[in-house]
Amino acid sequence: MTKQLVKGNEAIVYGALLGGATHFFGYPITPASEIAHAAALYFPKTGREFLQAESEVAAINMIYGAAGAGGRAMTASSGPGVSLMAEGISYLAGAELPCVIVDIQRAGPGLGNIWPEQGDYNTVVKSGAHGNYQNVVFAPASAQEMCDFTYQAFEIADKYRVVVFILSDAYIGQMMEPIEIPNTPREGDRKDWALYADAESRKNLITSIFMNQQIQSDHNKKLQNKYRLIEHELLAYEEEETDEADVIFVAYGICARICYTAMEELRTLGIKIGMLRPQMLFPFPSRPIQQLAQKVKKCIVVELSDGQMAVDVKLAVNGAIPVLEYNWMGGVVPTVKEIVERVQQDMKGGAK
Amino acid sequence: MIKHQKPRAFFDTFERKGPGQKNTHYCPGCGHGTAHKLIAELIDELHIQDRTIFCSPVGCSVFAYYYFDTGNIQCSHGRAPAVATGIRRTHKDSILISYQGDGDLAGIGTAEIIHAANRGENLTVFFINNAIYGMTGGQLAPTTLIGQSTLTSPGGRVQSRDGSPIGMAEIMDAIKTPVFIERVSLATPGKVMRARKVFKKALLNQVQKRGFSFVEVLSPCPVNWKLTPSRARRWMEEKLEPVFPVMNFRETEDLKINKETIPPVLKGEDLLNVFRVNKDQLHPPKAKEISDQFVKISGFGGQGVMSAGVLLANCVIAEGRNATWIPSYGPAMRGGTANASVIVSGKNIGSPLVDYPNVLIAMNLPSLNIFEEKVLPGGFIFINSSIITRKVKREDVKSIYVPASDMAKQGGMLAAANVIMLSLYMLASKVSDIQTLKKVIPLSIKKKEYIDVNLKIVDIAIEFYEKNKDAF
Amino acid sequence: MNRVEIHKEECKGCRLCVDACPKHCLIPGSGINNIGYQFIEFESERCTACGICYYVCPELGAITVHKKDKGETP
Numbered sequence: 031m032t033k034q035l036v037k038g039n040e041a042i043v044y045g046a047l048l049g050g051a052t053h054f055f056g057y058p059i060t061p062a063s064e065i066a067h068a069a070a071l072y073f074p075k076t077g078r079e080f081l082q083a084e085s086e087v088a089a090i091n092m093i094y095g096a097a098g099a100g101g102r103a104m105t106a107s108s109g110p111g112v113s114l115m116a117e118g119i120s121y122l123a124g125a126e127l128p129c130v131i132v133d134i135q136r137a138g139p140g141l142g143n144i145w146p147e148q149g150d151y152n153t154v155v156k157s158g159a160h161g162n163y164q165n166v167v168f169a170p171a172s173a174q175e176m177c178d179f180t181y182q183a184f185e186i187a188d189k190y191r192v193v194v195f196i197l198s199d200a201y202i203g204q205m206m207e208p209i210e211i212p213n214t215p216r217e218g219d220r221k222d223w224a225l226y227a228d229a230e231s232r233k234n235l236i237t238s239i240f241m242n243q244q245i246q247s248d249h250n251k252k253l254q255n256k257y258r259l260i261e262h263e264l265l266a267y268e269e270e271e272t273d274e275a276d277v278i279f280v281a282y283g284i285c286a287r288i289c290y291t292a293m294e295e296l297r298t299l300g301i302k303i304g305m306l307r308p309q310m311l312f313p314f315p316s317r318p319i320q321q322l323a324q325k326v327k328k329c330i331v332v333e334l335s336d337g338q339m340a341v342d343v344k345l346a347v348n349g350a351i352p353v354l355e356y357n358w359m360g361g362v363v364p365t366v367k368e369i370v371e372r373v374q375q376d377m378k379g380g381a382k
Numbered sequence: 088m089i090k091h092q093k094p095r096a097f098f099d100t101f102e103r104k105g106p107g108q109k110n111t112h113y114c115p116g117c118g119h120g121t122a123h124k125l126i127a128e129l130i131d132e133l134h135i136q137d138r139t140i141f142c143s144p145v146g147c148s149v150f151a152y153y154y155f156d157t158g159n160i161q162c163s164h165g166r167a168p169a170v171a172t173g174i175r176r177t178h179k180d181s182i183l184i185s186y187q188g189d190g191d192l193a194g195i196g197t198a199e200i201i202h203a204a205n206r207g208e209n210l211t212v213f214f215i216n217n218a219i220y221g222m223t224g225g226q227l228a229p230t231t232l233i234g235q236s237t238l239t240s241p242g243g244r245v246q247s248r249d250g251s252p253i254g255m256a257e258i259m260d261a262i263k264t265p266v267f268i269e270r271v272s273l274a275t276p277g278k279v280m281r282a283r284k285v286f287k288k289a290l291l292n293q294v295q296k297r298g299f300s301f302v303e304v305l306s307p308c309p310v311n312w313k314l315t316p317s318r319a320r321r322w323m324e325e326k327l328e329p330v331f332p333v334m335n336f337r338e339t340e341d342l343k344i345n346k347e348t349i350p351p352v353l354k355g356e357d358l359l360n361v362f363r364v365n366k367d368q369l370h371p372p373k374a375k376e377i378s379d380q381f382v383k384i385s386g387f388g389g390q391g392v393m394s395a396g397v398l399l400a401n402c403v404i405a406e407g408r409n410a411t412w413i414p415s416y417g418p419a420m421r422g423g424t425a426n427a428s429v430i431v432s433g434k435n436i437g438s439p440l441v442d443y444p445n446v447l448i449a450m451n452l453p454s455l456n457i458f459e460e461k462v463l464p465g466g467f468i469f470i471n472s473s474i475i476t477r478k479v480k481r482e483d484v485k486s487i488y489v490p491a492s493d494m495a496k497q498g499g500m501l502a503a504a505n506v507i508m509l510s511l512y513m514l515a516s517k518v519s520d521i522q523t524l525k526k527v528i529p530l531s532i533k534k535k536e537y538i539d540v541n542l543k544i545v546d547i548a549i550e551f552y553e554k555n556k557d558a559f
Numbered sequence: 203m204n205r206v207e208i209h210k211e212e213c214k215g216c217r218l219c220v221d222a223c224p225k226h227c228l229i230p231g232s233g234i235n236n237i238g239y240q241f242i243e244f245e246s247e248r249c250t251a252c253g254i255c256y257y258v259c260p261e262l263g264a265i266t267v268h269k270k271d272k273g274e275t276p
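Residue numbers (the working numbering), protein chains in the order written: chain X, 31 to 382; chain H, 88 to 559; chain F, 203 to 276.
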């Protein structure tokens, strides 16, 4: 199939509709608005539902309704909007409703600015609302992955009845790249637990309230078992040049792209560096990182945050090797040159 | 014969409340049971049980799903109208009941109710107004009367501190879209019977797909009002009803029902075709081997720097190489300097950011000022000399001066100076064949009337290149 | 004959039906149900099966109203 030049944010909508999305409810926010623009065009054009909600709070609750009614619903936003959705996400998790949420991360906290950051990691990967729950989280690093991961996200959401996040950033969202669209359109099946406004589904109840402590406790255990199953069944990451590496980058999204170029330059300079790029952040590729920690001497986590993912890397490494944090915040994105120079400096320090 | 008995729309026993349960969780004399019973009777009467989905709120009626033998969804506080909107857009023939209390609808959920009403969602809202927060034990509600004591207004509601009791039916009446708005009271048997008629109208509107119906129900909460059930009814007539007049606000009889035009749901090949592109007709030449290009195209908003970058990336991928395009974006773009970064490579592209370009296309002076120093030694700077009067200071780069704006103006479209510059960059660098650009332009330009003029401008650029080959 | 059937275990003794009945057919009983409420009793031949008690009753199934069949002696 011919490749076409598509913006990351628009590729989300291509992947969504080919992945069986039926509803888009959203509220505009830079740098995620192009997703709503494309959805407003393509959802109605293909007979699906698009609605601009009055707020992110309303949008996530419209998703709750549509997902409860058996639809494959989605929204897209950025940090401030995702914060507003927090309550609804907890309800979705509690009621076990599937949906897909895209977070095109911008700088925070507060209003912050519209340039890229990865400071929503904790809020999305560690699930930033009340209660014990977990989202499945994809971390695309190209327009192609924006399309492909969104395409897959609906299947995963339905299969496990979970919220699936596409955790991206302003650059991956704003960037145009050639993509190939998936060639098998998918559709959701009828769900035996959902509300179809018919006799067969009349008995169904969508809720997250269980007034008996033991039943609520059992429900929590059921959710936890589901998350353990997901950890067992899902994992997505890529390794580059790790076979004979002395040091590895761990990075996702735009940082992974920058690190890839930095890695190529460093290798020409004689530094044996590789990279592990998580394509999913929950489940996190802890085991592969742990295994690499047996082979390499140092690990460098490159993030546009205060080291939120580095915590997970450190847990995986478990003290076996030093874990360095290269952190940028506020919308400042490192140049390849900066990273190359810093690695050269740090490698002098002794990881021979 | 039985004249009145528990409606069939209720479960026989309330198992969700506990095995074998037959009574409600409501306090003695509470209005919810009466309102529930009216709704359940009407569900029976209108034969809509199977297709009804009851949206329960947060508040005492959070447990409505214990009782109603319909589809049930429990909503977060105040959001039932948004949840119902989501369901409505999934099942067009469903009957959706949003049953909300005063904290839920008139407090935390004001945005959702107003916008669902304004959209005219085909929905029936029952707003149970008992002027107090019942479930949490009797705190101030938005509808609490002035002077009324609650746990959070122990000396009585004070207007200067707590505001006035809010009239939601009146607020609804300020919105054009709802088809039916009425406030009823459950204070007396006669008023209960009037409420039944109103409830029926509100549900029937939905069955007939007429739109949004809003029924405010003044309802007693004897326990939190600290009154007996009988005295609570009298208090409603004496105190509550004067503040919240029991009346019809709107009844739209001759409503034209808008037939929705629902576009067909595309599937399979039809769906794929929406997203497929066919670039086979381009027959582009195979790309020439050239080094990786890190291109920065910069100018002011409206000079087409973004679209020049997109055209370049499209030409390159048509010829089988990789490209990335990334814009400057956001408020900075609006009226300010805009730039696009394009990377062209035969390999996978890592970072899409162009920190140090080897090609700079500067469309205005600020662009040259910002990026001149960043250009890699041996790189190219294309200068729009129609606008930029100064010369490039760097001596380790190749500078090419093109009166692009003048040339574009002569060609009939000042705004196409970007195409002049792009064409000349392509001709000079061979990053892409100029014929590929001529094939890509018709596919990329949205306004079809601009295609010919852009193609003509490419020819003007070619002519310029041939005449000034030595300069490149 | 016309008759109001009070399902005593569902009655919470709020007495709204007592107040509402135009024919004064309903009276607070002397008995207490299993939950602990003093339930209402039906005690009259004046009942017209108007159904007002049914509508004002806040419980969902506590009251059933029977109307005499045609031909039945009142």
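All C-beta atoms, glycine included, are put in the ideal place defined by N, C-alpha and C.
is_contact[residue i, chain H] using C-beta, thresh 9 Å
{"i": "T298 (chain X)", "result": "no"}
{"i": "H160 (chain X)", "result": "no"}
{"i": "K214 (chain F)", "result": "yes"}
{"i": "L81 (chain X)", "result": "yes"}
{"i": "C227 (chain F)", "result": "no"}
{"i": "Q374 (chain X)", "result": "no"}
{"i": "R217 (chain F)", "result": "yes"}
{"i": "K75 (chain X)", "result": "yes"}
Test: residue i CB closer than 9 Å to a CB of chain F
{"i": "T315 (chain H)", "result": "yes"}
{"i": "Y113 (chain H)", "result": "yes"}
{"i": "R95 (chain H)", "result": "no"}
{"i": "Q92 (chain H)", "result": "yes"}
{"i": "A289 (chain H)", "result": "no"}
{"i": "I89 (chain H)", "result": "yes"}
Coarse secondary structure for residue i, derived from DSSP in three states
{"i": "D376 (chain X)", "result": "helix"}
{"i": "R205 (chain F)", "result": "strand"}
{"i": "N91 (chain X)", "result": "helix"}
{"i": "S251 (chain H)", "result": "coil"}
{"i": "L218 (chain F)", "result": "helix"}
{"i": "V245 (chain H)", "result": "coil"}
{"i": "S181 (chain H)", "result": "coil"}
{"i": "E269 (chain H)", "result": "strand"}
{"i": "A292 (chain X)", "result": "helix"}
{"i": "C129 (chain X)", "result": "strand"}
{"i": "F551 (chain H)", "result": "helix"}
{"i": "L210 (chain H)", "result": "strand"}
{"i": "I237 (chain F)", "result": "coil"}
{"i": "W23 (chain X)", "result": "Only positions 31 to 382 of chain X appear in the structure, and residue 23 (chain X) is not among them; the question remains open."}
{"i": "C329 (chain X)", "result": "strand"}
Integer Cβ distance of residue i from residue j, believed to fall under 8 Å
{"i": "H67 (chain X)", "j": "A103 (chain X)", "result": "Wrong, their Cβ atoms sit about 18 Å apart, outside the cutoff."}
{"i": "I448 (chain H)", "j": "E459 (chain H)", "result": "Incorrect: roughly 12 Å between the Cβ atoms, too far for contact."}
{"i": "D178 (chain X)", "j": "P215 (chain X)", "result": "14 Å between Cβ atoms; not a contact."}
{"i": "R95 (chain H)", "j": "D131 (chain H)", "result": "5 Å"}
{"i": "V267 (chain F)", "j": "H91 (chain H)", "result": "4 Å"}
N- and C-terminal bounds of the alpha helix (DSSP H) containing residue i
{"i": "F467 (chain H)", "result": "F467 (chain H) -> not in any alpha helix (DSSP H); beta strand (DSSP E) instead, spanning 467-471."}
{"i": "G118 (chain X)", "result": "109-124"}
{"i": "N348 (chain X)", "result": "N348 (chain X) -> no alpha helix (DSSP H), and no H or E assigned at all."}
Boundaries (first-last residue) of the beta strand (DSSP E) holding residue i
{"i": "G228 (chain X)", "result": "The displayed chain sequence assigns Asp, not Gly, to residue 228 (chain X). D228 (chain X) -> no beta strand (DSSP E), and no H or E assigned at all."}
{"i": "I404 (chain H)", "result": "Segment 392-405 is the alpha helix (DSSP H) holding I404 (chain H); no beta strand (DSSP E) there."}
{"i": "T121 (chain H)", "result": "Premise fails: T121 (chain H) lies in the alpha helix (DSSP H), 118-132, not in any beta strand (DSSP E)."}
9 Å Cβ cutoff, residue i in contact with chain X
{"i": "H123 (chain H)", "result": "no"}
Point to revise | 3-residue-minimum beta strand (DSSP E) runs that sit fully inside the segment 170-218 of chain X, ordered along the chain | key: Listed in chain order, they are 193-199, 206-209.
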